[in-house]
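Shown next, in C-alpha cells, is the structure this report addresses.
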Amino acid sequence: MAENGLASRLYNGEAGLNIVGRRKLWFGVAGVLVLIAILSFSIRGFSLGIEFAGGNSFQVPASVGTLDDAEREVNSALAAENTGIEVATAQKVGGPGGDSYELRTGQLSAEQTAAVKAKIAQDLGIDEGQISGNQVSEAWGSQVTERAILGLVIFIALVMVYLILRFEWRMAVAAVASLITNLILTAGIYSLVGFEVTPSTIIGFLTILGFALYDVVVVFDKVQENTRGITANNNQTYSEASNLAVNQSLMRSLNTSVVALLPVGGLLFIGAGLLGAGTLKDLGLVLFVGMAVAFLTSILVATPLLALLKNYDPRIQAHNKRILTRRGALARGEVTGKGVVGPAQADATDEPLDSDAAALAGAAPKVGARPAGKRPTGARGGRPGASGNRPGGAKRR
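Following our numbering, the residues of the sequence shown are numbered contiguously, the last one being 1546.
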C-alpha cells in the first residue's frame, strides 16, 4: 500500500494532479488576492520604518529593566516635552557593548531630541552618555526606494532577455507575470498584517526574485522537454504535456522550497524570536513569506499561464483539435487505435469543443499519465508474425 501512496506517486511524477486543467480556478484565486493586495496598498498603505518615514531612534542599555519598562519611560519623556508623538517600534538589539533596547519615534527637532534624551536619562537614573540617539531623514529612504525600483526593472529586463533566448517569448511572459504576482502578494501581506518596511525588507524582496525565477525555470525546462515535437504525435495536447511536466517536477520544487525555508525559518523564529536578534527579523520575515508565495506562483500561475498563451498559437490549436477529434472518434467506436493517453480536459483549447466532448473522458486515462510508446516488433521487441521465416533459421514446414 505504501508504494501507491501520494508521496511515492509525487516522487515518480505520477500523482496525476490536474493543475493546468484547472487554471481558471488558480487565475481566479490569484486575481482576487492581487486585488485585495492593491486595495490594501491604496487604503491601508505600509508601515514604514524610520529609514523611510523619517524619525528618531533612542538606544538605552538593557540593564534598565524590561523592554516594556524602557518603552514606558521614553513615552513619558516624550509627553513631558509636549512632542505629541509616541514610540512607534521597540526591539531588543545586540552590540559590542552588550544588549540594548532600540526605541523609534517620529521626527523630532534637535532641541526636542536633546531634551528627551536628558529626561530619559534622569528617569532611568543612568548617565546621559549611555543613551545614544540618531536622527534619520526620509530623503534617505526615498533614495533607497528609487535604487530598488531601478534594480527591479533591470532585473526583469535581463530575465526577459535570458528566457527568450533560452526558451521562447511566451515562457518569458509567463515567468515575469509569476514574478510580479509574487511581489504583489508578498507586499500585500506586509500591508495587511502591518509588518514594518525597512532597508532589510527591500533587500529581501530583491532576493526572493532569484529564488522564484529558479523554480519557474526548473518547471519550464521540463515543459520544453515534454513538448518538443509535440505536433508530430497524436498522444497529448500541449496543456496535458505541460501538466505532466508540472507533476514530474512538483516534488523537486517542493523539496527545494522546504530546504530553503528551513534555514530562513530558523533565522526568523529562533534568531529573531527566541534569541531576540531583532535586526534579523526584517530580512527573515520577507524571505520566509516571499519564498512560500514563490513556490505557489511558480506552480499555479506560471505553467497554466504558459499553456493558455500557447493555446493561442495556430499550430498548437490545430494540434489540440486533431487530438480531441481523434479521441472523440475513438470514443464513438468510429476508428480504432492504440497509444491514446492523457486527460480529455474540457479546456485543452480555448475553442468550444464538439458535442461529443463529454464522451472523451472514457477514451483517455487519468491526468498526468505518461505517453504510451509503441510496442516494438520483431525478434526482440515482440512475437513474430503467424507466418514467415525465423531469423537465421530455416523455414518451418
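Glycine is no exception: its CB is placed at the ideal position from the N, C-alpha and C atoms.
This one's a predicted model, so the numbers in the text were calculated from it and none came from an experiment.
Taking C-beta atoms as the reference points, ASN1382 and ALA1394 fail to come closer than 8 Å.
Classified as buried, ARG1476 has 16 or more neighbouring CB atoms from the shown chains inside 10 Å of its CB. Residue pairing by DSSP places ALA1239 opposite LEU1252 in a beta bridge. Just measuring C-alpha positions, the residue of ASN1167, LEU1252, ASN1469 and PRO1453 sitting nearest PHE1176 is PRO1453.
At a Cβ-Cβ threshold of 8 Å, THR1356 and LEU1436 count as neighbours. Counting only runs that start and end inside the region 1250-1297, the beta strand (DSSP E) elements of at least 3 residues fall at 1281-1285. Here PHE1207 carries a strand assignment [DSSP, helix/strand/coil]. In the DSSP annotation of this structure, GLN1385 is not part of any alpha helix (DSSP H), being labelled neither H nor E.
For LEU1197, the secondary structure class from DSSP, reduced to helix, strand or coil, is strand. Per the C-alpha coordinates, the member of SER1349, ILE1192, GLN1284 and GLN1256 positioned closest to LYS1430 is SER1349.
Per the coordinates, the alpha-carbon of GLU1389 lies some 8 Å from the alpha-carbon of VAL1169.
Per DSSP, the continuous alpha helix (DSSP H) segment holding ARG1476 begins and ends at 1463-1481. The beta carbon of LYS1266 lies closer than 6 Å to those of ILE1280 and GLY1282 in the same chain, with the five residues before and after it left out.
Rounded to whole angstroms, the gap between the alpha carbons of GLY1180 and ARG1171 is 14 Å.
Looking at THR1405, GLY1378 and ASN1469, the one whose alpha-carbon comes closest to that of ALA1441 is THR1405.
By the Cβ-count criterion, ARG1253 is buried, with 16 or more other Cβ atoms from all chains shown falling within 10 Å of its own Cβ.
GLU1317 sits in coil when the DSSP states are folded into three classes, being neither helix nor strand. Judged by their CB atoms, ALA1297 and LEU1312 are not nearer to each other than the 8 Å cut-off. The residue from PHE1207, ILE1199 and ILE1338 with its alpha-carbon nearest to that of VAL1223 is PHE1207. The region 1300-1317 and the region 1256-1275 do not touch, with fewer than 3 CB-CB distances between them shorter than 8 Å. DSSP places PHE1444 in the uninterrupted alpha helix (DSSP H) bounded by 1430-1446. Buried is the label assigned to VAL1213, since at least 16 other Cβ atoms lie within 10 Å of its Cβ. Each of GLY1278, THR1330 and PHE1316 was checked against the Cα of LYS1459, and the nearest Cα belongs to PHE1316.
The beta carbon of THR1446 sits closer than 6 Å to the beta carbons of SER1327, THR1330 and ASN1331 from its chain, once the five residues preceding and following it are set aside; these are given in chain order. Looking at the DSSP output, VAL1372 bridges to nothing.
The C-beta separation of SER1286 from SER1189 comes to about 27 Å, leaving the pair out of contact by the 8 Å criterion. Within the model, the alpha-carbon separation for ALA1229 versus GLU1235 is close to 11 Å. By DSSP's assignment, GLU1222 forms no beta bridge with any residue. Within the DSSP bridge table, the entry for GLU1345 names SER1196 as partners. Under the three-state reduction of DSSP output, ASN1331 falls in the helix class.
About 6 Å separates the beta carbon of GLY1337 from that of ILE1185, a gap short enough to meet the 8 Å contact definition. ASN1384 sits buried, since 16 or more C-beta atoms from the chains shown fall within 10 Å of its C-beta. GLU1260 counts as exposed, since fewer than 16 other beta carbons sit within 10 angstroms of its beta carbon. In the structure shown, the three-state DSSP call for GLY1177 is helix.
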